[in-house]
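Per our numbering, residue 29 is the first one in the sequence shown, and the count goes up by one each step.
Here the structure is laid out as structure tokens; the discussion comes afterwards.
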Amino acid sequence: MPLEDDVLKALAKGEINLDPFLAFFGENIEAQVSGQLAEIYVSGQAEMITWGKTQAGIPIAYEGPPVSQAVDWAAKRGARLVTEMDTTTKDRLARVIADGIQNKRGIPGLSREIRSTFADMSKFRSQLIARTETAEALSTASLDNMKGMGIDGKEWITAGDSDVTDECLANEGQGVIPRDEAFTSGVMAPPEHPNCRCTVSPARLPT
């Protein structure tokens, strides 16, 4: 649509400033994202401590890093996520505004479209966290706890079905590797790609 294209071009040139509008939503969204990530990180700590007690003989007195570490990590990761999403958010919002103007929806109609768009974005963010960011948070917690528990190895575990990518299969095929070494795809732990369902498991290096 010509009008939509014009709006997007103006947005790219900085002639339309959506930052004040986005800032109204951004602080709340960032707080929600960070809070969810902190909870996921802590759950990852719990999983590692359970593994240590039952399989590695780690003393029960070990309780993992303080919760403040999870909160600090989650706050930084949440802020980065919101920043990375701003470009996409602005593009979608610009399209809604352009469409509303072209179809003469008026202020009330345009307001409804904007609210609907942001509600949809919130759903998208939730799905993103539930899939990709859960893997990121759990892997970070696992790697942090492996170091604290003195575990020297790790291995890549896939979902084991036909949807597993070649990169993830190659990582799994390496078996147990040193904890501080990258897998063959270049990452330290899952996720390898958006919606990655793989996990990283603590392991002892062969002696």
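Backbone N, C-alpha and C fix where the C-beta goes; we use that ideal spot for every residue, glycine too.
Asked	Found
Exposure label - THR235; buried when at least 16 CB within 10 Å	exposed
THR212 and ALA198 closer than 8 Å at C-beta	yes
Where SER229 falls: helix, strand or coil (DSSP)	strand
Candidates ILE205, LYS175, GLY178: closest to ILE185 by CA position	ILE205
Three-state secondary structure assigned by DSSP to GLY137	helix
Cut-off 8 Å between Cβ atoms - residues of its own chain near PRO93, not counting five sequence neighbours on either side	Caution is warranted here: a pLDDT of 44 is assigned to PRO93, below 50, making its placement in the model unreliable, and the coordinate value is therefore given only provisionally. For PRO93, where only same-chain residues beyond five positions count, the Cβ hits under 8 Å are GLN73, ASP172, ASN173, GLY176.
Same chain, Cβ closer than 6 Å to GLU220, neighbours up to 5 away in sequence not counted	GLU195, CYS196, SER213
Secondary structure of GLU209, DSSP reduced to three states	coil
GLY201 - DSSP class collapsed to helix/strand/coil	helix
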